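S.K.: Protein chains in written order, with our numbering: chain L, 1 to 224; chain U, 225 to 448.
For every residue, glycine included, the Cβ atom is placed at its ideal position computed from N, Cα and C.
Since the structure is predicted, the reported quantities are computational estimates derived from the model, not experimental observations.
2 protein chains.
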Amino acid sequence: MERILIVEDDIIMGGGIKLFLESKGYEAVLSENLSQAEKMLESTFSLILLDINLPDGSGYDFCREIRKQCLTPVIFLTANDTEENMIKGFQLGCDDYISKPFSVELLYQRIAAVLRRSGQKQSGERFEYRNLSVDFARMQAAVSGSPVRLSATEYRLLELLIRNKGQVLTRQQILEKIWDCDGNFIDENTLNVHIRRLRQKIENDPKNPQFIITVFGIGYTFGE
Amino acid sequence: MERILIVEDDIIMGGGIKLFLESKGYEAVLSENLSQAEKMLESTFSLILLDINLPDGSGYDFCREIRKQCLTPVIFLTANDTEENMIKGFQLGCDDYISKPFSVELLYQRIAAVLRRSGQKQSGERFEYRNLSVDFARMQAAVSGSPVRLSATEYRLLELLIRNKGQVLTRQQILEKIWDCDGNFIDENTLNVHIRRLRQKIENDPKNPQFIITVFGIGYTFGE
DNA sequence: TTCATTTGGCGCAAATCTCCCACAAATTGT
DNA sequence: ACAATTTGTGGGAGATTTGCGCCAAATGAA
């Protein structure tokens with residue numbers, strides 16, 4: 001079942017969207033402000049509909065917050081849709097940007113289009129590969145059954161690599177995803193360091209990694 | 225390298241988009257009508273920008289055609305954007321729908337957003353020829369099933385040749401594409417060396433190459 | 001505060017790739 | 001067949017990339 005989080009302070013609007021999405025077979029959760037929405041992020045959603053003008057802050061900031069934690073697709077909903085703002089939204093990594101007023105049917109189609117693309121990710125909550133297992137919901141990893149303490153950055157790095165298992169991620173891509181939107185302010189070497197620490201914690205033989213593979217001149221990849 | 229197919233009969237518009245996308249680092253191919261575009265589908269693209277009103281048919285039909293063949297993301301570009309049409313587009317499985325006039329910057333951001341999502345899953349983009357297979361997503365090549373370690377330059381060279389399979393690339397063209405400068409700063413022989421290395425790694429008999437064929441006096445080509 | 005943990009940075013070593021040189025082999029035109 | 005041009009080969013210097021140890025600044029909890 002696809003779970004959708006709606007962050008919208010206009011209760012009429014938010015409630016309407018919630019009912020409509022439920023009628024389409026989604027599970028919809030409504031949050032009227034950011035502090036409430038922040039708590040919601042504990043659980044996982046397939047997609048987040050995010051209003052921009054909220055009583056206790058900006059949707060943009062919340063989107064940044066989301067991206068630090070996970071890769072859940074985000075669609076912005078907004079009334080004031082200057083082009084500048086739309087571009088800003090996309091730069092924050094959103095997946096679509098819908099201006100009010102919009103028809104519910106179109107909203108539905110756009111949601112469906114985004115889910116179509118993002119829904120095909122690695123399964124849901126757990127990941128297993130050789131003697132490594134990761135519980136995405138709990139943000140915990142275990143090697144041969146015994147749990148491993150990962151820091152937040154290490155975990156995010158691992159999750160990013162696993163979710164793109166089989167694909168080579170360039171250093172630039174990783175920097176952009178894990179650190180800010182343009183990871184140019186961060187020393188490239190920092191990535192090496194975190195990779196190293198991650199390897200030391202999860203690899204059986206950190207000198208000959210089986211999980212996190214270096215692709216010289218490009219970046220890293222998970223798995224053979 | 226992301227390859228984008230633009231299907232647009234207005235040459236001014238199409239050419240402008242092509243140039244803009246190229247300036248953003250994409251490889252853009254322009255097709256002015258459907259019959260031409262249909263042939264283009266032989267090769268693979270990361271994304272297709274599709275105008276709806278075309279001289280020899282409707283973009284909707286072409287989108288249906290595309291979906292029969294593959295899952296390449298499609299973004300519709302159109303002037304007559306009744307909501308009904310947009311919904312129709314999404315039902316055909318498109319990924320976004322942009323109304324003219326639009327700013328190029330916004331186009332860029334929406335393209336980036338779609339590619340961001342679609343890039344994650346596609347372990348799909350593969351190339352097979354005799355006993356050679358190349359996985360573009362993983363940036364990996366394999367001969368008779370066993371993977372081959374290619375350096376970044378070697379891989380880019382191979383990808384370039386494969387993406388232009390059947391046509392001869394002059395040394396000059398290759399130098400420009402791989403060493404993006406005018407290719408004059410680089411010793412011509414360097415290309416020979418990389419070609420050799422690549423052959424040693426992927427050819428069954430490097431002395432009698434089957435994949436990377438020398439066209440004496442011109443350059444190289446992939447395949448017979 | 002103090003202590004522990006996380007995070008990011010620096011410098012050097014090791015690994016690896018890129019590129020060039022000189023010469024050999026192949027191809028083409030006459 | 002011969003000379004001129006183009007392409008292939010082996011080796012090696014130099015540059016780039018990555019790994020690693022150590023340290024300092026932030027962060028957070030007791």
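Report the CB separation of U/Phe286 from U/Ala261 in whole angstroms; it is logged as a contact under 8 Å.
M.R.: Position 62 of the second sequence, counting from 1, holds the residue named residue 286 of chain U. Position 37 of the second sequence, counting from 1, holds the residue named residue 261 of chain U. Indeed they touch by this definition, with Cβ atoms about 7 Å apart.
S.K.: What does a CB cutoff of less than 6 Å around U/Asp359 pick up in its chain, not counting 5 residues either side in sequence?
M.R.: The residue given as residue 359 of chain U occupies position 135 in the second sequence. Same-chain partners within the cutoff: Arg350.
S.K.: Between U/Cys287 and chain L, is the shortest Cβ-Cβ distance under 8 Å, so that the two count as touching?
M.R.: For the purposes of this step, residue 287 of chain U is taken as the residue at position 63 of the second sequence. Judged by the 8 Å Cβ criterion, U/Cys287 is not in contact with chain L.
S.K.: Select from L/Ser144, L/Ile48, L/Arg138 and L/Gly145 the residue whose C-alpha is nearest the C-alpha of L/Glu159.
M.R.: Numbered from 1 along the first sequence, position 159 holds the residue referred to as residue 159 of chain L. Taking only the C-alpha atoms, the option nearest L/Glu159 is L/Arg138.
S.K.: Say whether chain U places a C-beta atom closer than 8 Å to the C-beta of L/Leu272.
M.R.: Any answer about residue 272 of chain L is impossible in this case: the structure gives chain L only from 1 up to 224.
S.K.: Compile a chain-ordered list of the residues in the segment 369-380 of chain U whose CB is closer than 7 Å to at least one CB of chain L.
M.R.: Ser375 and Ala376
S.K.: Contact defined as beta carbons within less than 8 Å: I believe L/Ile75 pairs with L/Leu41. What is the distance between those atoms, to the nearest angstrom?
M.R.: Working through the first sequence from its first residue, we reach residue 75 of chain L at position 75. Working through the first sequence from its first residue, we reach residue 41 of chain L at position 41. With 8 Å as the limit, L/Ile75 and L/Leu41 do not qualify as a contact, their Cβ atoms being about 16 Å apart.
S.K.: Starting from the Cα of L/Gly25, find the closest Cα among L/Ile186, L/Tyr155, L/Tyr108 and L/Gly217 and give me that residue.
M.R.: Numbered from 1 along the first sequence, position 25 holds the residue referred to as residue 25 of chain L. Residue L/Tyr108 is the option with its Cα nearest to L/Gly25.
S.K.: Could you give the DSSP three-state label for U/Phe435: helix, strand or coil?
M.R.: Counting from 1 along the second sequence, the entry for residue 435 of chain U is found at position 211. Collapsing the DSSP output to three states places U/Phe435 in coil.
S.K.: In whole angstroms, give me the CA-to-CA distance for L/Cys94 and U/Lys242.
M.R.: Walking along the first sequence from the start, residue 94 of chain L turns up at place 94. Walking along the second sequence from the start, residue 242 of chain U turns up at place 18. Those two C-alpha atoms are separated by around 24 Å.
S.K.: Three or more C-beta pairs under 8 Å: does that hold for the segment 225-233 of chain U against the segment 203-217 of chain L?
M.R.: no
S.K.: Would you mind sorting U/Phe440 into buried or exposed? The rule is 16 or more other CB atoms within 10 Å of its CB.
M.R.: As a first step, residue 440 of chain U is located in the second sequence; it is residue number 216 there, counting from the start. With fewer than 16 other Cβ atoms within 10 Å, it is exposed.
S.K.: Just curious, the beta strand (DSSP E) that L/Thr78 is in, first and last residue?
M.R.: As a first step, residue 78 of chain L is located in the first sequence; it is residue number 78 there, counting from the start. Looking at the DSSP string, the run of the beta strand (DSSP E) that includes L/Thr78 is Val74 to Thr78.
S.K.: In three-state terms, what does DSSP make of L/Leu191?
M.R.: As a working note, residue 191 of chain L is residue 191 in the first sequence. L/Leu191 falls in the helix class under three-state DSSP.
S.K.: Let me confirm a value: U/Glu448 is counted as buried when at least 16 other C-beta atoms fall within 10 Å, else exposed. Which label applies?
M.R.: Locating residue 448 of chain U in the second sequence gives position 224, where the first residue counts as 1. It counts as exposed.
S.K.: Nearest CA to the CA of L/Gln200: which residue from L/Arg149, L/Lys177, L/Ile98 and L/Glu27?
M.R.: Here the question's residue 200 of chain L lines up with position 200 in the first sequence. Among L/Arg149, L/Lys177, L/Ile98 and L/Glu27, the Cα nearest to that of L/Gln200 is on L/Arg149.
S.K.: Look at the Cβ atom of L/Arg197, then the Cβ atom of L/Ile178, and state whether they are nearer than 8 Å.
M.R.: Taking the first residue of the first sequence as 1, we reach residue 197 of chain L at position 197. Taking the first residue of the first sequence as 1, we reach residue 178 of chain L at position 178. Their beta carbons are not under 8 Å apart, which means L/Arg197 does not touch L/Ile178 by this criterion.
S.K.: Going by other Cβ atoms of all chains shown within 10 Å of its Cβ, with 16 needed for buried, is U/Gln315 buried or exposed?
M.R.: Along the second sequence, read from residue 1 onward, the residue named residue 315 of chain U stands at position 91. So U/Gln315 counts as exposed.
S.K.: Check whether the Cβ of L/Gln200 lies closer than 8 Å to any Cβ atom in chain U.
M.R.: Within the first sequence, numbered from 1, the residue matching residue 200 of chain L stands at position 200. No - not a single Cβ of chain U is within 8 Å of the one on L/Gln200.
S.K.: Per the DSSP calculation, L/Ile282 is bridged to which residue(s)?
M.R.: A question about residue 282 of chain L goes unanswered here, because the residues of chain L that appear run from 1 up to 224.
S.K.: Within 8 Å of any Cβ in chain U, is that where the Cβ of L/Phe216 sits?
M.R.: The sequence position of residue 216 of chain L within the first sequence is 216, counting from 1. L/Phe216 counts as touching chain U.
S.K.: Considering only their Cβ atoms, is the gap separating L/Leu34 from L/Gly57 smaller than 8 Å?
M.R.: Position 57 of the first sequence, counting from 1, holds the residue named residue 57 of chain L. Position 34 of the first sequence, counting from 1, holds the residue named residue 34 of chain L. Yes; because the gap between Cβ atoms is below 8 Å, this pair is in contact.
S.K.: So U/Ile241 contacts chain L; which residues on that side make the cut at Cβ distance below 8 Å?
M.R.: By one-based count along the second sequence, residue 241 of chain U stands at place 17. None at all; the shortest Cβ gap to chain L is about 17 Å.
S.K.: Between L/Ala79 and chain U, is any beta-carbon pair separated by less than 8 Å?
M.R.: Counting from 1 along the first sequence, the entry for residue 79 of chain L is found at position 79. Chain U contact via Cβ: absent.
S.K.: Starting from the beta carbon of U/Gln315, find every residue of chain L whose beta carbon is closer than 8 Å, and list them in chain order.
M.R.: As a first step, residue 315 of chain U must be located in the second sequence, where it is residue number 91. Result: Gln109.
S.K.: By alpha-carbon positions, which one of L/Met13, L/Ser144, L/Ser118 and L/Ala113 ends up nearest to L/Arg163?
M.R.: In the first sequence, counting from the first residue as 1, residue 163 of chain L sits at position 163. If we check each option's Cα against that of L/Arg163, L/Ser118 comes out closest.
S.K.: When you compare the CB positions of L/Ile174 and L/Tyr220, do they come within less than 8 Å of one another, or not?
M.R.: As a working mapping, residue 174 of chain L is identified with position 174 in the first sequence. As a working mapping, residue 220 of chain L is identified with position 220 in the first sequence. The answer is yes: Cβ separation under 8 Å.
S.K.: L/Ser146 to L/Leu21, Cα distance in whole Å?
M.R.: Translated into positions along the first sequence, residue 146 of chain L becomes position 146. Translated into positions along the first sequence, residue 21 of chain L becomes position 21. Cα-Cα distance, rounded: 41 Å.
S.K.: To which residues of the same chain is U/Lys324 closer than 6 Å at the C-beta, ignoring the five residues directly before and after it?
M.R.: Within the second sequence, numbered from 1, the residue matching residue 324 of chain U stands at position 100. The residues are Ala303.
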